[in-house]
Amino acid sequence: MNLIGKKGKALYLNSGHWSATAAKEARNFAEIDEINILETEPQLKVSRLDFSDIAEQYDYIHYCTNETISGVEIFDIPNVGNTR
């Protein structure tokens, strides 16, 4: 399934192994930007979930809610503004 539309770009929010793997695969099909949303110091945590300032540049935004390998679980939905 390809959800890339007229803008031709997707944003991948990297929170660990599974989201990085998805971004790597997506590069075979579309132009993507990737943003690491984890901080590792002083402890592992999600650093940013508000992307409303840049979301309009993208047709598709991907994030992984449960990174089982690194133990990261994201309970909040990233804010991407009112994009349609």
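Using the UniProt record's numbering, you'd call the opening residue of the sequence shown number 1 and step up by one each time. Where a beta carbon is used, it is the ideal one built from N, C-alpha and C, also for glycine. Bear in mind the structure is a predicted one, so any value in this text is a computation, not a measurement.
Residue i - containing alpha helix (DSSP H), residue span
| i | result |
| --- | --- |
| residue 10 | Unbroken run through residue 10 is the beta strand (DSSP E), 9-14; no alpha helix (DSSP H). |
Own chain residues within Cβ distance below 7 Å of residue i, not counting five before or after
| i | result |
| --- | --- |
| residue 60 | 3, 4, 10 |
| residue 50 | 79 |
Rounded distance between the beta-carbons of residue j and residue i, thought under 8 Å
| i | j | result |
| --- | --- | --- |
| residue 80 | residue 15 | Going by Cβ atoms, the distance from residue 80 to residue 15 rounds to 15 Å, so no, they are not a contact pair. |
| residue 54 | residue 17 | The Cβ separation is near 24 Å, so there is no contact. |
| residue 7 | residue 57 | 7 Å |
Own chain partners of residue i with C-beta closer than 8 Å, once the 5 adjacent residues on each side are dropped
| i | result |
| --- | --- |
| residue 62 | 10, 11, 12, 13, 19, 22, 23, 26 |
| residue 29 | 2, 4 |
Own chain partners of residue i with C-beta closer than 6 Å, once the 5 adjacent residues on each side are dropped
| i | result |
| --- | --- |
| residue 38 | 15 |
| residue 65 | 74 |
| residue 33 | 11 |
Pick out the complete alpha helix (DSSP H) segments inside the region 5-75, 4 residues or longer, and give them in chain order. 17-26
contact_flag[the region 75-83, the region 39-50] where n(CB pairs < 8 Å) is 3 or more: yes
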